[in-house]
Each structure stands twice: as C-alpha cells, then as structure tokens.
Amino acid sequence: MYDFIPSKSWFWYVFVQVGINLLGGDFTHLQVTLLIVLEFVGIGVSSYVVVSKLTKSQQTAFVASLLSLICCFFMEINFLEPEAPIAILAIWALFFLSKNTNINWFLGGIFLGIAMTFKSIAMFYVAGAGLFLFYECFFMKNSSFWQITQKGTLILLGFALPLLLSIAYFHQLNRLEQHIYWSYIYPFGSYPAHTLFLKKLFIKTFWFILLTILSIILALCTKEKNKFWGNTVFMLSLFFGVVSLASLMKSQASHYFYPAAPFFSIMIAMVYHHYSKFYEQNLNRVYFGFGALAIMVLVVTFITRKDVVQRLLKIEDFAIEKTYEQTVNRNLKPGDKALLIDFGTLFYFHSHQYPNVPFINTEMQTSDYVKKHTNVYEKSLQDTSMKLVIFGFREAVIDDSTKVNTPENKIALGKLRKELAKNFTVETDSVLFIKLWHRKSSK
Numbered sequence: 000m001y002d003f004i005p006s007k008s009w010f011w012y013v014f015v016q017v018g019i020n021l022l023g024g025d026f027t028h029l030q031v032t033l034l035i036v037l038e039f040v041g042i043g044v045s046s047y048v049v050v051s052k053l054t055k056s057q058q059t060a061f062v063a064s065l066l067s068l069i070c071c072f073f074m075e076i077n078f079l080e081p082e083a084p085i086a087i088l089a090i091w092a093l094f095f096l097s098k099n100t101n102i103n104w105f106l107g108g109i110f111l112g113i114a115m116t117f118k119s120i121a122m123f124y125v126a127g128a129g130l131f132l133f134y135e136c137f138f139m140k141n142s143s144f145w146q147i148t149q150k151g152t153l154i155l156l157g158f159a160l161p162l163l164l165s166i167a168y169f170h171q172l173n174r175l176e177q178h179i180y181w182s183y184i185y186p187f188g189s190y191p192a193h194t195l196f197l198k199k200l201f202i203k204t205f206w207f208i209l210l211t212i213l214s215i216i217l218a219l220c221t222k223e224k225n226k227f228w229g230n231t232v233f234m235l236s237l238f239f240g241v242v243s244l245a246s247l248m249k250s251q252a253s254h255y256f257y258p259a260a261p262f263f264s265i266m267i268a269m270v271y272h273h274y275s276k277f278y279e280q281n282l283n284r285v286y287f288g289f290g291a292l293a294i295m296v297l298v299v300t301f302i303t304r305k306d307v308v309q310r311l312l313k314i315e316d317f318a319i320e321k322t323y324e325q326t327v328n329r330n331l332k333p334g335d336k337a338l339l340i341d342f343g344t345l346f347y348f349h350s351h352q353y354p355n356v357p358f359i360n361t362e363m364q365t366s367d368y369v370k371k372h373t374n375v376y377e378k379s380l381q382d383t384s385m386k387l388v389i390f391g392f393r394e395a396v397i398d399d400s401t402k403v404n405t406p407e408n409k410i411a412l413g414k415l416r417k418e419l420a421k422n423f424t425v426e427t428d429s430v431l432f433i434k435l436w437h438r439k440s441s442k
C-alpha cells in the first residue's frame, strides 16, 4: 500500500501489515476490528501504567486511562488510525521525560522519533518538550540554562535516530526523494489547509474541551498551585497537549485532536484526584447529575433519532461487499488492469486489483500528484492492459472536494473523458447502477 502515494509515514503501513499477519493474514472486518481493539488495549494499559508510576495514584491512573479510551469514540480512533500507536509511544515518552534526567530525555526522544515514523504530527511533541524546558528553566527554576540545553540536545538526538535510519533505508531502495516528500514536505508544506470539518469537530469534542478548560481553571484556583504548575508531569502533559493541537490548523478531522487527548486526560485526572479528597460528598451529586443527564440524552435520542440507536444495535452482514468484488473481477482477465476512480479504495480493497497509477483514491495526496502530472489518467488509459474504468456515476467526480475545480484537475479529468470517449464503451451495471467503461475490442 505504501507504493500508492503514502498519506502517512512508512512505519504505519508496516504496523498494519504485521498486525494483520499476526491476526490471520487477511483484511477481514473481524481482523481489522481486532487490530483496533489491540490499539485500544495499548492506549488503556500504557496510560494506566505510566500515570500510576508517575503520580503514585491508582485513581488518577484509572481516570486518565478511562478518559483516553472514551475519547477514542469521539475522535475517530474507532477507525484504523495511526494516532493510536502515536499516542502509546508519546505516553511512554512522557514517562521517560518526567524522570527528567539526561539519559531519559534521550530515550524519550527515541520514542517520539519512532512515533514520527507513523505520522509526522509526532514532531509537535518535541516542540512541546522544548517549551517545557524553557518553562522549567525560567518559571519553575529547577534547571539551569546549561542543563536544559543538554536535555534539549539529547531529545533531538534521540528523535533524529529513527528518522536517520529511515532515510538510510530509503536511500538504499533508491526511494529517498519520495520518502522525504511524503514524510516531511507534503504534510507540513503541501497539504492544503481547510475548515471542512470544524463544526463537526466542535460538536464531537465540546464535552472534552469543556472538561480540559475547567481543569485548568481549577488548577489555577487552588491554593497549592505548585502541585500542578510546578509539577513536571502536569506541565509536560499540558505542553504536549496544547502544541499537538497545531495540526488542527491544517485540518479539523477529529482524529487530529486525539494526539492531545491522552495528555489532557492526565491533567483532568490529576485535578480530579486533588479536589475529590475535599469534595467527596458534592461529587456524588455531580455523578448523579451526569447519570441523569446521560439517561435523558439517551431517551431524547431514542425518541427523535431512532436510526442512531438502530445503527448501534444492528449487526452488518456485509453481503454487498461480495457484489463489489464480483462487479470488478467478472470484467477482468488475468493481467488486466482497472482504474477505479469512483469509490476506488472500496473497489480495489474488495477486488484485490491494483491500478497502473500510483494512487488508489483521488484524495488530497492525489490532487498534489496530479498538479505535476496532468496526463496521469490519459497515460493510464492508453495502456492497452487497462480494460475497465469506473468513473462518472457520482456527483463529486473526485474525492478531494478542496481541489475539484483547480485548473490541473480540470485538465486531467478532461483528458480522462476524452480518452474514455475515444477507446471505451460504457454500460450501467444492473446491480450497483454504476457506470462501467470497457475497452473497445481491437479490430
């Protein structure tokens, strides 16, 4: 899959393939779900163990772990997303950095470097750690400038180690330019900024944002301010969380919020543990209020949106997926190629076919590729082994709504339509009612 325009860093693809192999070797719904569940277990266990060791409080560890897992369902981690292993690695990086010795800052850097090989957003954790060092030197006054310089150098060296090994590996494969572009240049430079998902993000994460803000206010209001603002674990979690939110400036897909969630959860749990000792009786009333509110929300949802409840209770049989497979494969012989533009990822996945272009969907990464290769569709269709094209039965035309009307995409799609009209005939599938373009028989 890494050959078809990688949208994440390379180790994510290795992780998924190894995980699937260990679970039986085929991408079925059960195996993908099991892999997601294993990620959940990793997040929950890592958060509990690390927070328990750092705070010496099982209550704090339990609350932090529980919140991190609840956030998974509001931040798209119930899909197979790289933010889950990144979170696990960053939680363990927090464990080493909180020990606050030179060697541990180097080890923490290595963990964050490995996280970077999953997805480039891990770089923000290093920036957060850098801000903490300045805070420690000039506000906490626990370290001298020379001491934070040493620790800062060591975390950068640890962070660079996995990345340099990756560069050496891709240099050996003669794919260094591709690796550098998709791992570093594209995510930070070429990935288009947009606000398509801003409203949805706010709706899904409002409860957690509110909890985080409330915890910060309560931490500011306590007489024992040093318990939080002079606490290495609390402040590292704060800087990790806040700085990792920088990725939301590019896109507000809710999984972009998750890199902050485990660390804000730690802060919330620490504040909760502190205040729970003083307001135990009042907290019981709060629990009752939250319980009553949850019941009310469920009742209102059941009355007004029964379809939502039914979605949660319905067990899919996925019978339609056999039709996806058959629709593609009955039109191909061994050695034939297919260009599946409409819902391409879905059809490629089920048919086990691969295109003669370096992408399997027409998302933002492909728009970036098309910008420099406007003849990519035309060249694909000029290959006589290209026998089947699925294109033209959906309103969106391509997946990337942010670039559908750019000059490059218009040129590329114009060439595609011209080549289809020239060398292909079209039929409407009788089951899926989609347009299937077949290569004309040679005379």
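Taking numbering that gives the first Met the number 0, I'd label the letters of the sequence shown as residues 0 to 442. Heads up, the beta-carbon is just placed ideally off N, CA and C, and yes, glycines get one too.
Distance from the Cα of PHE207 is smallest, within the candidate group PHE263, THR194, PRO191 and LEU195, for PHE263. Per the DSSP secondary-structure output, THR427 pairs in a beta bridge with LYS434. Boundaries of the alpha helix (DSSP H) harbouring ILE147: 144-171, taken from the DSSP string. Sixteen is the threshold: since fewer than 16 other Cβ atoms of the shown chains lie within 10 Å of the Cβ of VAL308, the residue is exposed.
Looking from the CA of TYR1, the closest CA among PHE117, PHE158 and ILE184 belongs to PHE117. Annotated as proximal: VAL388 and LEU380, with beta-carbon spacing under 8 Å. The shortest C-alpha to C-alpha distance from PHE39 to any of LEU22, PHE72 and TYR12 is the one to PHE72. Beta-bridge analysis with DSSP links ILE389 to LEU339 and LEU435. When DSSP states are grouped into helix, strand and coil, VAL396 belongs to the coil group. For GLN57, the number of other beta carbons within 10 angstroms of its own is below 16, and it is reported as exposed. GLN251 sits close to LEU200, with the two beta carbons spaced by under 8 Å. Non-local C-beta neighbours of ILE166 in its own chain, meaning closer than 8 Å and more than five positions away in sequence, comprise LEU175, HIS178 and ILE179, ordered along the chain.
As summarised for the segment 268-305, the continuous alpha helix (DSSP H) elements at least 4 residues long and confined to that stretch are 279-303, given in chain order.
Taking a C-beta distance under 8 Å as the contact criterion, MET115 and PRO161 qualify as a contact pair.
Ranking LYS52, TRP228, THR211 and TYR47 by CA distance to the CA of PHE137 puts TRP228 first.
The segment 76-85 makes no contact with the segment 290-297; the number of CB pairs closer than 8 Å stays below 3. By the C-beta density criterion, ASP306 is exposed, having fewer than 16 other C-beta atoms within 10 angstroms. Shortest Cα-Cα distance from VAL396 to any of THR148, THR361, SER429 and GLY127 involves THR361. Spanning the alpha carbons of LYS386 and GLN352 requires a straight line of approximately 12 Å. Looking only at PHE238, TYR257, GLY129 and HIS193, the smallest Cα-Cα distance to LEU68 is reached by TYR257. Its chain contains no residue whose beta carbon lies nearer than 7 Å to that of ARG416 once the 5 sequence neighbours on both sides are disregarded. In the DSSP assignment, GLU315 falls outside any alpha helix (DSSP H) and carries neither an H nor an E. The count of Cβ pairs closer than 8 Å, one atom from the segment 93-112 and one from the segment 231-245, reaches three, so the stretches are in contact.
Taking C-beta atoms under 8 Å as the contact rule, ASP428 and THR326 qualify, at a distance of about 6 Å. Classified as buried, GLY343 has 16 or more neighbouring CB atoms from the shown chains inside 10 Å of its CB. Distance check between SER366 and each of ILE410, VAL31 and LYS336 places ILE410 closest, using alpha-carbon atoms only. Between the beta-carbon of MET74 and that of SER189 there is about 25 Å, and that puts the pair past the 8 Å contact cut. By the neighbour-count criterion, in which a residue is buried when 16 or more other Cβ atoms sit within 10 angstroms of its Cβ, GLY127 is buried.
Assignment of ASN328 by DSSP, reduced to helix, strand and coil, places it in the helix class. The alpha-carbon of LEU331 is positioned some 39 Å away from that of HIS193. The DSSP assignment places complete alpha helix (DSSP H) segments of no fewer than 4 residues inside the segment 26-91 at 28-54 and 57-73, in order along the chain. Straight across, the Cα-Cα distance linking VAL285 with PRO354 is about 56 Å. Excluding the 5 residues flanking it on each side, ALA92 has same chain C-beta neighbours closer than 7 Å at GLY107, PHE110, LEU111 and TYR124, in chain order. Secondary structure of GLY24 (DSSP, three-state): coil. The beta-carbon separation of THR211 and MET269, rounded to 12 Å, does not stay under the 8 Å limit for a contact. Judged by beta-carbon spacing, HIS273 lies within the 8 Å limit of LYS226, meaning their Cβ atoms are closer than that value.
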